[in-house]
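Chemist:
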Amino acid sequence: MRIACPYCGERSLDEFIYSGDATVRRPDASAPTASEDYVKYVYERTNPPGMHRELWYHAAGCHAWLVVSRDISTHAISSVELAKDVALANNQAMKESA
Amino acid sequence: MASDHYSIFSVLREALRGHTGWKPAWRNATPQPDYDVVIIGGGGHGLATAFYLAKMYGITRVAVLEKGWIGGGNVGRNTTIVRSNYLLPGNIPFYELSMKLWEQLEQEINYNAMVSQRGVLNLYHSDAQRDAFARRGNAMRLHGVDAELLDQQAVRKMVPFLDFENGRFPIHGGLLQRRAGTVRHDAVAWGYARAADRLGVDIIQNCEVKGFRFEGGKAVGVETSRGFIGAKKIGMSVAGSSSRVAAMAGLKLPIESHVLQAFVTEAIKPFIDGVVTFGAGHFYISQSDKGGLVFGGDLDGYNSYAQRGNLPVVEDVCEGGMALMPRIGRVRVLRNWGGIMDMSMDGSPIIDHTPIPGLYLNAGWCYGGFKATPAAGVCFAHLIARDAPHETAKAYRLDRFATGHAIDEKGMGPQPNLH
Amino acid sequence: MANMLKPTSAFSHLDPLSTPSLSVAPREDLTMASFAAGKDQVQAVMATIKSAYGVDLPRRPARVSGKGIAFVWAGPDQWLAVAERGANRDMERELKSLLSAMASVVDQSDGRVVVRVSGPLSRQVLAKGIPIDLHPRAFGANAAAITHASHIGVIMWQLEDASTFELAMFRSYADSFAHWLIETAEATLPATA
Amino acid sequence: MARTKEAPRRDPLQPQRLVDRGIVDHRRTIEFTFDGVTYKGHPGDTVASALLANGVMLAGRSFKYHRPRGILSAGSEEPSALLELRDGARREPNTKATTAELFDGLVAKSQNRWPSLDFDVMSINSLLSKVFVAGFYYKTFMWPAALWEKLYEPAIRRAAGLGRASDAADPDVYEKTTAHTDVLIIGGGPAGLMAALAAAQSGKRVILVDEQAALGGRAIDDGSIIDGRPAREWVRSVEAELASRPDVTILRRTTVFGTYDGGTYGALERVNDHVAVPQKHQPRQRLWRIVAKRAVLATGATERPIVFGDNDRPGVMLAGAVRTYINRFGVVPGDRVVVFANNDYAVSTVTDLINAGANVVAIVDSRPKPSEAISRIASSAGTKLLSGAVVTRALGKKRVTGALIRTQSGAEVRLFCDLIAVSGGWNPNIQLSTHVGGKPLWNDDLLCFLPGSLPPGMLLAGAVAGNFSLPKALGSGADAGATAVANGTKSVSIPVPKAAEDSVRIAPLWRVEDHSGKAFVDFQNDVTDTDVELAEREGFRAVEHLKRYTTLGMATDQGRTANVNALAIMADITGRTIPQTGMTLARPPYVPVAVGALAGHHRGKSFKPTRLPPSYKWAKEQGAVCVETGLWLRPSYFPRPGEKDWLDTVKREVNTVRNAVGICDVSTLGKVDVQGKDAAAFLERVYMNNLKSLAIGKARYGGMLREDGILFDDGTVARFAENQYFITTTTANAVRALQHMEYCAQWLWPELDVQIISATEQWAQYAVAGPKSRELLRKIVDPEFDISDAGFPYLQVGEITVCGGVKARLFRLSFSGERAYEIGVPARYGDALMRQLWEAGREFGACAYGTEALGVMRIEKGHISGPELNGTTTPRDVGLGGMVSKTKDFVGRTLGTRPGIVDPERPQLIGFRPVDRSVRLRSGAHFLAKGANPTAANDEGYMTSVAYSPSNGHWIGLGFLKHGPERVGEIVRAYDPVRGGDTLVEVVKPVFVDPEGARVRG
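Right, here's the structure in full:
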C-alpha cells in the first residue's frame, strides 16, 4: 500500500502509522454526557466495509498527521488530507453551526 | 454398511473396499423454517458452539449458517497454536478451560485434530522481560496452569538452533508452557461439524445472513440468502465480520478489523519441535507435521477487510526469523496469506448478551480465536442456553469499556492494532 | 577561557571511501538548526529569510541554498538550516536573532550527523536502503526528502551536483548507518567494476 | 515435413545431448555430481537438462508414497524433481532441478529416500497406499490419546518434510533494493519483449523482468522462427535495442513473486545462484521492491498434464518441456516417444522430436476427430496416429518402458517407449493478477482460467491472456507495451514481426476414465483422482475443502500442474461446471522465496540499528558492561578488578553516589523542545498535573495519561522562557510521546500556537549525583555561574557554559534522592565532557554508574519506572493520584474517572522488604496474604521492581498490592513458584532512603 503524503508525495506503507477513525471528535469534557461521550469516542466503531476516513501519521517522514480516505475492502485510497487542515475546518464548521 | 465411527478398524475395513463406504462428514442440510438456536458463522467457534449446545445443554434444534464453506474464516487461516499462557485473571481460566477441552477433544468428537502438546516457549532478552514473564508464569501457576521459567542454558538445550551468539537481542531465557502446542486447524472445524451433525445440528453452507427480524424489540430470526429462518435465540460468531453483522442489528462494537499475515515454508525435515516466540523480533514459529515451518509476526497495522497483507510486513517478519534462526536463510517461503482479525479495543474477546433480547455476541477474538475455539464454544453455548455468562468468561462483557474494566494483556490501551 | 572540550565524531567506524565511482565521507563541520514557524508566521519567516539570505524557503520537500547556507524543508512549516561551521558560526544563534519572535529555533548541530555520498554509483547504493524514487527525474538537484534508510530515519538532499547526496540522521545511529552504508558500497562496487 | 536424413550428432559423453542445438555453451564442459556420481554438462544447462543429457530420469521420491519420480517439466512448476542442492551451510532443500542453473562443481542429492534413491525402504508406503488415503490421519491415531505425542506423531514427523535445511547459519548475504518505474514488464518471452520494445519507444522508464538466465521464453523453448530467423537471433536483436536505451533495465534470473497494493511488486533476483559461492561482499540474492505505474503481465502459461494410470512414472513429461529440452538445451529426453495430447500442441512436439532424431512411436490424440494439423504431421513423419485414444497407464517403475493405450474402439494396445510426452492444454500463469483480489474467469473455448478483474495499472500480454499462438503473443505484447506508456490510450505502435500461426485447438480431457494403477493429480503431495472422489464422497466439495482435505495444491509448486485438473475432476463428479466448482486463489509468492532474501541485511547484529549514547566509547574503555534498552546500548555497570560479580559492582556504585558522587549517561531520555505562545496551554492539556504555576527557570515532574485514563509516560517539564519548555520522556516512550504530542497539536488542538521539535540527540546529558556533586560541577561549570544552593536550588534549571565557554544546560533534578544535577552539552562534546567529569571527579572518589545502579537508587526512593509504567496502571495505582489536576481538562481526565479505573480494590504501589533480611527478592512474584493458599482467588498483587539496597543492607522491592498503603507493617507472602521462591515480606512505605527527602536539597 502506498499513501500520498500531501507534503512528501507517495510513500510506502512502512513510513506510516495507522491510528484509527478520523470521524470521531474529542468530546467536550464539561458536557453533562461527557462520560458516555468519551466511551463512544474512544471505543465504539462502526467499522463498515468500504470507505473509511482514518488517521495516519507519517512517522518515518515529515511527522504530519493525515486524514486518509481509504476503501478498507480494496485498500484503494481516494484522498489524503492534512489532519490539521481537517481539524481546523471541523472547528470552523462547529463554530458556524453554533 | 457405511462407516461412520472413525477408527483404525474402520479405516482398514474401508481400505479393502476402496473407501467407498464413508459417509459425508456432515449432511448438506436444507434450512428448516425455525430453530431453537441459530448460530451465524460456520467457523470453529460457531461449530463448536453448536456442538456444545447439543452435547452439554441438550439443545439440538440448532442451525449453523455459513455464508461460504465451513471453516473458511480464521479457523482455516491461522498458525495453529494453542496455549493458555495468559497474564490477567480475566483471561487465564478461560484459556485454561480451552486447553483442557483440547486435551480431550479428539475422543469427544471422534476426530483426530492432531492436538500436539509440544510446548510454547516465549523467549526473553532482558531482566525486565524475564520478570514480566515471571509475573505471568506465576499468575498461571496460581490458576493451576503449567508454566516454567527457563534460563539461557535450559533454552539452549531445548532449542539449540537459535542464534545465541550473534543476536542483536541476546536470548536470556524463556517462559515455557509444556502443555501448549499446536492443533491441525482445519480438522477442528471439520471435526466439530461432523460431531455436531451427528447430534442433529443442521450445518447450512452457502447461506448468507442479510438481516435480522425483530418483534417487540426481540430478535426472532434472520433473513438469509436462502429465505427467512426463525430462531428463539441467535448467536453471532463471525469474527472478522462482527462489525458488519452487528450493524445489521443496529449495534456498534468496540472492534476494528485488521490484517494478520501468516507464512508457511516448503516442507523440510522437522527440527523445530514446539512453538518458539521471539517477542523482541515480532516473530513466532513452529513446524507442522508435514514439515513446513509455520510462522508469523505483527499485524499489518491498519483496518482492512481485504484478506491480504503487504510487503513491508513480510520483510519485517522474515527479518525476525533470520535474527532468531539464521539457519533458515535458504528455506523458502511457500505461501503467505492474510486473515481478518476482529481486533477489540483491549485485545480481549467479548462473549455477552447484546442490548437486544435474543441476540448474543461472540466476537473480538483478535488473533487469539483459534486456541479459544473449544472454550468459546462451551461458554457461548452456556450463555445462550442459560442466559448467564459461563464462570470462566464472565469478564468478557460488552460494557467493560464503559465501566473501565478493560482486559488489556499488552497494556497498549484502546489501539486495536497494537494488541 | 578557551574551550577545553574537544568535539568527537559520532562515526567511530566510518573510514571515508573514495573511488572514482563512489565516495563516502562524514561531514563534521556543519552547524545546523531547525526552525518552525509560529502560528500565522510562515510568511513573516519566509520574508525574513529572504531578506537575510536571498532565498525563498520551500514549502515542500526541497533544498535551497544561498550565501553559504542551505535550507532544507524538514516538515510542515519547518526547516533545517545547514551551514559550514567556519569561524564559530552558530546557526541557532544566528537564526534566533533573526526569527525569535516568529519561529521556534532549535540547535541540531549535534542532534544530527551528516554523511555525504557522491559519485556515479551513489544512487544505486542508496536505493538499497532508501525506498523513495531516486531517479534523476524524480530526485534531482536540490531535491530533499524525509524518509528512512535501512531502518534509520534520514533527512536527505541532493546538492546541485547530479550525484552528490547528503543524509542527516540522529547522532546515535551514526555507526549503524555507516555499517550498512559501507557493507552496501562494498557489495555494489565490484559488481559494476 | 520429412524425417531429417541424418540423425543429429550426439555428444559421446552425454548420450542424450545434441551437439549443435540449444543455447547452452557447448564449447565448455563442466562437471557436477548427483547422489555422488559425476556427470558432465554445459554452462546454460539446468540440473534437470544436464541430468537428462546424461540419460538420468529418476530424480526423486514422492512425499507420501515414496514413488520414484522423474522430471515432469522444464520450469518453476516442477513438482517432482526436487533436490538438495549444495552442501554444508549452503544446503538448499527442495530445489527444483528444472530451475537450478548448472555450475562447475555443483553437488546435488536426491531427498526423501533411504538408503538410496534407487532403493528406498519407505516405498513400502506405496503398498499401504490403500490405507494412506486423503484424510486418513483425521480418522485414526486417536486411541489411546497419550500415544499421540509419544508414538504416532513422532513417527509422522520422521516421515515429514522432503529435504533437510542446513544445520548452520546461512553464510551468504542478501540485499534489498527499491526501484520505481513507469512500466514493469513481467516475463521476457515474445510478448514481454514486444511490450518492452513498444514501451521503450516512449523514453519512459521500463523494467523488464525474466525468470531465466536468457530472455526469449517459449520462443526459445519452441525454437520458433520470427521474422524469418531463429528466435534466438531475434531475441538478441531486441535485447540490443533495449540495452541501448538508458531508461530500460533488464533483470534476468529475476522472478516477480508477488503483487501488492499500490502498484508494488516483489521480485527476487538470483544474483549468484548460478555460481558455487558468491564473491566476497556479493549478495546471493537480491530482493526488489518495484513500484510501477503500470505493469504488463506477460508470464505465459503452464502446460497441464493429463491424469492417467501411473502418470507419475519417470519418463512421463510435459510436451512443452520435451520441446524446451530439445530447443533450449539440446537434449533429447527420450528416444522412443509416445505423444499424448488433447490439443494441437502435439504437432510441433512431434516435429521437434523427429528433428532431434527421436522415434515418435505414436501420437495418441484423445480427440475422436483428428485435426488437419495432426493428420498432416502424422503422415509426414510416418508416425502412427491414434485418434480418440487415450493412454490408460504408463508402464515401468523407475523409468517408463511403455504405454498402455485404449483406442477409440476400446481395444488395448501396448507400445514400448521410454518417454510419454503429455499435453493436456495450457493454464495461463495468472497468479500475479489475483494476489490483490482479482478473480479469474473460466474460458470455455481455451479451457483455462484467464485473469478477470486486474489490479490497478496491470495489462496483459501473450499467453497469460489466452494468446497462445506466437503471432498473437507478439501482437498483444506490442499493444500492451504501447498502451502502458500512453495513459490508457494506445499511442506509439511498432512493427510486429512475422511468425507462423499455430493451431491451438483443444478438446476437454482431464483424466482418463477406467485407468489402472494410481493416477496422480498432484504429484508432489501424492493426491490421486480417487482422493478427489473420496473427498467428494465425504462432503469436501467446496474447492477449498478439497484442497485442505487432500492437501492438493499445497506442495512447493502451489498446484500449478494440479489445480485445474482437480477442479475439473470434481466438477465432473458433482455434475457442475468448472466455474461453479470454484477456484482456489493463489497466494504470494508465485515461486517459493528464501527467508534470507526477504530479510536481507537485517540479521544478526544488524537485525535492528543500534543506538549508542554519547559516552559509549568512553564507557567501553572503562570496561562497562552494556545492555540493550530498546535500540539503545547503555552501560549497565562498570566492574572494577576484584569485584566478584555485578552485584558487588553495583553496590560500590550506589555507595559511591550516596557517599560521594557518581556520573551516569542519561542522554537516552527523550527530550522535546516545546515553544510557542500557547506552549503552556498545550502542556496543560497534555499533562495530568498542574503546570501553570511552573516558573521560568524551574522544572517539575509531570505525568501524561492515555485518553483511557491509564498512565502513559512520565518525565520532567522545564521552563526556560515564557514560551519555551524543554520536556523529557522516558527512554522507552520517547518516540511514542513525541508522536502523541504531535497528534495533540495537529489533530486535537490545531488552533494552538505551539511548535514541537525533538532535541533528544542534540544533548549529551549526564546525571551527576551525590553529596559531592556540586563540588565536582564547580570544577566544570564556568565560574561566572552561581551554582550554590541559594543560587541554584533544587528543581532549578539554567543555560550556562562549561569548560571555558561550551554552551550547556544545567538541571537540578534527582532520581537518586541525593543532591544531583543533570548537565547537558551539545552531543559532540559529550565524550569530552564525560572525560572531564571523570578527571574532575577523581579527587572526590567519583564513580561512573550505569542503568543497574540507577535502578537501585530509584527503587530505594520509590520512583516508578518501566515495570510500574506497564500500560495498565493509573496515577492512583502508582501513588501519584494526588498529582492529578481536578481543575482542568487534559488527555485522560474523563475516562480516568470510570469505576474500574478508580476502584479502591486495584492494587497500589507500596514497598517491601524481606522478613528474613538475607533473602533475595524477585520481581514477578505475586502477593498472597500470610497463610493464604496459593490460588488465583488469593492473588493480591505482584512485585514490579527489586534491588539489593546497599543503603539498607538487604533486598527491597516495589510492587502493587491491594490496599497496599493501608497495610504498612503487614507481613505478606511473595510467591514465585516459577523460580521456586516463596518468601515472607513486610509491607513498608515505598521509600527506603532518606524518607524526609532532605538530602536532595543539600
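Residue numbers (my numbering), protein chains in the order written: chain A, 1 to 98; chain B, 10001 to 10419; chain C, 20001 to 20193; chain D, 30001 to 31002.
Beta carbons: idealized from backbone N, C-alpha and C, even for Gly.
(1) Applying the criterion that 16 or more other CB atoms from any shown protein chain within 10 Å of the CB defines a buried residue, is Glu30818/D buried or exposed?
(2) Output, in chain order, the set of chain B residues within a Cβ distance shorter than 8 Å of Tyr18/A.
(3) Please list, in chain order, the residues of the region 30128-30144 of chain D that have any C-beta partner in chain F closer than 8 Å.
(4) Within 8 Å, do at least three Cβ pairs link the region 30110-30126 of chain D to the region 30047-30064 of chain D?
(5) Taking DSSP as the reference, what is the three-state secondary structure of Leu30454/D?
(6) If you drop the 5 nearest sequence neighbours on each side, which residues of the same chain put their C-beta closer than 8 Å to that of Ala30780/D?
(7) In chain C, which residues lie less than 7 Å from Val30806/D when you measure between Cβ atoms?
(8) How about Met10345/B and Pro10416/B: do their beta carbons lie closer than 8 Å?
(9) Just to confirm the assignment, what range does the beta strand (DSSP E) spanning Leu30928/D have?
(10) From Glu30269/D to Ile30569/D, what distance separates their C-alpha atoms?
(11) What's the gap between the Cα of Asp30708/D and the Cα of Ala29/A?
(12) Going by other Cβ atoms of all chains shown within 10 Å of its Cβ, with 16 needed for buried, is His20013/C buried or exposed?
(13) Mind checking if Met94/A is an interface residue toward chain D, Cβ cutoff 8 Å exclusive?
(14) Taking its Cβ as the centre, do 16 or more other Cβ atoms sit within 10 Å of His30740/D, making it buried, or is it exposed?
(15) Find the nearest neighbour of Lys30293/D within the set Asp30312/D, Ile30030/D, Ala30484/D, judged by alpha-carbon distance.
(16) Does the beta carbon of Gly30262/D sit closer than 8 Å to a beta carbon anywhere in chain A?
(17) Return helix, strand or coil for Met20001/C, following the three-state DSSP convention.
(18) For Gly30041/D versus Leu30102/D, is the C-beta spacing smaller than 8 Å?
(19) In the DSSP assignment, find the alpha helix (DSSP H) that holds Asn91/A and state where it starts and stops.
(20) With the cut-off set at 8 Å, would you say His10405/B and Cys10366/B are in Cβ contact?
(21) Is Lys10233/B buried or exposed, if buried means 16 or more other CB atoms sit within 10 Å of its CB?
(22) I want to verify the contact list: residues of chain D whose CB lies under 9 Å from the CB of Lys84/A, in sequence order.
(23) Once DSSP output is grouped into helix, strand and coil, what is the label at Glu30833/D?
(24) Return the CA-CA distance between Ala20083/C and Gln20108/C, expressed in angstroms with no decimal places.
(25) For Leu10149/B, does the three-state DSSP call read helix, strand or coil?
(26) Assuming the contact rule is C-beta atoms closer than 8 Å, Gln30755/D and Gly20038/C should be a hit. Round their C-beta distance to whole Å, please.
(27) Anything in chain B within Cβ reach of Met1/A, meaning under 7 Å, just list it in chain order.
(28) Taking Cβ-Cβ distances shorter than 9 Å, what residues in chain C pair up with Gly30676/D?
(29) According to DSSP, simplified to helix, strand and coil, what is Phe20165/C?
(30) Could you check whether the region 30152-30166 of chain D touches the region 30074-30092 of chain D, counting it as contact only if at least three pairs of C-beta atoms, one from each stretch, sit closer than 8 Å?
(31) Evaluate Arg30158/D with the Cβ neighbour count: other Cβ atoms within 10 Å of its Cβ, from every protein chain shown; 16 or more gives buried, anything less gives exposed.
(32) Of the residues Asp10036/B, Tyr10302/B, Gly10411/B, which one's Cα is nearest the Cα of Leu10381/B?
(33) Measuring alpha carbon to alpha carbon, tell me which of Arg30367/D, Asn30359/D, Thr30392/D ends up nearest Thr30383/D.
(34) Measure from the C-beta of Pro30579/D to each C-beta in chain B and report whether the shortest distance is under 8 Å.
(35) In the structure shown, what three-state DSSP assignment does Trp10387/B receive?
(36) Counting only Cβ pairs nearer than 8 Å, list the residues of chain C close to Glu15/A.
Modeler: The structure says:
(1) For the purposes of this step, residue 30818/D is identified with residue 818 of the fourth sequence, where counting begins at 1. Looking at its Cβ environment, which holds 16 or more other Cβ atoms inside 10 Å, Glu30818/D is buried.
(2) As a working mapping, residue 18/A is identified with position 18 in the first sequence. Those are Gly10301, Tyr10302, Asn10303, Asn10417, listed as they occur along chain B.
(3) No chain F is present in this structure, whose protein chains are A, B, C and D.
(4) Taking a cut-off of 8 Å for Cβ pairs, the region 30047-30064 of chain D and the region 30110-30126 of chain D touch, as three or more such pairs fall below it.
(5) The residue labelled residue 30454/D in the question sits at position 454 within the fourth sequence. DSSP places Leu30454/D in coil when its eight states are reduced to three.
(6) In the fourth sequence, residue 30780/D corresponds to position 780, counting from 1. Looking at the sequence provided, one finds Ile at residue 30780/D rather than Ala. Cβ-Cβ distances below 8 Å link Ile30780/D to Val30802, Cys30803, Ile30823, Leu30833, Gln30836, Leu30837, Ala30840 in the same chain, with the five nearest sequence neighbours on each side left out; the list follows chain order.
(7) For the purposes of this step, residue 30806/D is identified with residue 806 of the fourth sequence, where counting begins at 1. Those within 7 Å of Val30806/D in chain C are Asn20003, Leu20005.
(8) As a first step, residue 10345/B must be located in the second sequence, where it is residue number 345. As a first step, residue 10416/B must be located in the second sequence, where it is residue number 416. Yes. Within cutoff.
(9) The count along the fourth sequence starts at 1 and reaches residue 30928/D at position 928. Start and end: 30926-30929.
(10) Taking the first residue of the fourth sequence as position 1, residue 30269/D is located at position 269. Taking the first residue of the fourth sequence as position 1, residue 30569/D is located at position 569. The alpha-carbon separation between Glu30269/D and Ile30569/D amounts to approximately 37 Å.
(11) Locating residue 30708/D in the fourth sequence gives position 708, where the first residue counts as 1. Locating residue 29/A in the first sequence gives position 29, where the first residue counts as 1. One Cα belongs to Asp30708/D, the other to Ala29/A, and the distance between them is close to 13 Å.
(12) Numbered from 1 along the third sequence, position 13 holds the residue referred to as residue 20013/C. Exposed, since its Cβ has fewer than 16 Cβ neighbours within 10 Å.
(13) As a working note, residue 94/A is residue 94 in the first sequence. No, its Cβ sits nowhere closer than 8 Å to a Cβ of chain D.
(14) By 1-based counting over the fourth sequence, the position of residue 30740/D is 740. Buried, because 16 or more other Cβ atoms sit within 10 Å of the Cβ of His30740/D.
(15) The residue you call residue 30293/D lines up with position 293 of the fourth sequence. For Lys30293/D, the nearest C-alpha among the options comes from Ala30484/D.
(16) What you label residue 30262/D is simply residue 262 of the fourth sequence in a count that begins at 1. So yes, Gly30262/D belongs to the interface.
(17) Along the third sequence, read from residue 1 onward, the residue named residue 20001/C stands at position 1. Residue placement at Met20001/C cannot be trusted, given a pLDDT of 46 that sits under 50; the coordinates are not used to answer.
(18) Here the question's residue 30041/D lines up with position 41 in the fourth sequence. Here the question's residue 30102/D lines up with position 102 in the fourth sequence. With respect to Leu30102/D, Gly30041/D sits close: the two C-beta atoms are nearer than 8 Å.
(19) Counting from one through the first sequence, the residue named residue 91/A turns up at place 91. The continuous alpha helix (DSSP H) containing Asn91/A extends over residues 83-97.
(20) Against the second sequence, residue 10405/B aligns to sequence position 405. Against the second sequence, residue 10366/B aligns to sequence position 366. No.
(21) Mapped onto the second sequence, residue 10233/B falls at position 233. It is buried - the Cβ of Lys10233/B has at least 16 other Cβ atoms within 10 Å.
(22) As a first step, residue 84/A is located in the first sequence; it is residue number 84 there, counting from the start. Neighbours of Lys84/A on chain D, chain order: Ala30745, Gln30746, Trp30747, Pro30750.
(23) Residue 30833/D sits at position 833 when you count from the first residue of the fourth sequence. Glu is not the amino acid found at residue 30833/D; the sequence shown has Leu there. Looking at Leu30833/D - three-state DSSP - the assignment turns out to be helix.
(24) Here residue 20083/C refers to the residue found at position 83 when the third sequence is read from its first residue. Here residue 20108/C refers to the residue found at position 108 when the third sequence is read from its first residue. Straight-line Cα distance between these residues: approximately 12 Å.
(25) Position 149 of the second sequence, counted from the start, is the residue given in the question as residue 10149/B. Strand at Leu10149/B.
(26) Residue 30755/D sits at position 755 when you count from the first residue of the fourth sequence. Residue 20038/C sits at position 38 when you count from the first residue of the third sequence. Right, their Cβ atoms sit about 7 Å apart.
(27) Counting from 1 along the first sequence, the entry for residue 1/A is found at position 1. Within chain B, the residues near Met1/A are Asn10310.
(28) The count along the fourth sequence starts at 1 and reaches residue 30676/D at position 676. Chain C residues near Gly30676/D: Ala20036, Gly20038, Lys20039, Ser20104.
(29) Here residue 20165/C refers to the residue found at position 165 of the third sequence. Strand, per DSSP.
(30) Here the region 30152-30166 of chain D makes contact with the region 30074-30092 of chain D; the two share three or more CB pairs at distances below 8 Å.
(31) On the fourth sequence, position 158 is the one that residue 30158/D refers to. Looking at its Cβ environment, which holds fewer than 16 other Cβ atoms inside 10 Å, Arg30158/D is exposed.
(32) Locating residue 10381/B in the second sequence gives position 381, counting from the first residue. For the record, residue 10381/B in the displayed sequence is Ala; it is not Leu. Of the listed residues, the one whose Cα sits closest to Ala10381/B is Asp10036/B.
(33) Within the fourth sequence, residue 30383/D is the residue found at index 383, counting from 1. Thr30383/D has its Cα closest to that of Asn30359/D, out of Arg30367/D, Asn30359/D, Thr30392/D.
(34) In the fourth sequence, residue 30579/D corresponds to position 579, counting from 1. No - not a single Cβ of chain B is within 8 Å of the one on Pro30579/D.
(35) Stepping through the second sequence from its first residue, residue 10387/B is reached at position 387. One detail in the question is off: residue 10387/B reads as Asp in this sequence, not Trp. Coil at Asp10387/B, not helix or strand.
(36) Here residue 15/A is taken as the residue at index 15 of the first sequence, counted from 1. Near Glu15/A (Cβ distances below 8 Å), the residues of chain C are Pro20131, Thr20147, His20148.
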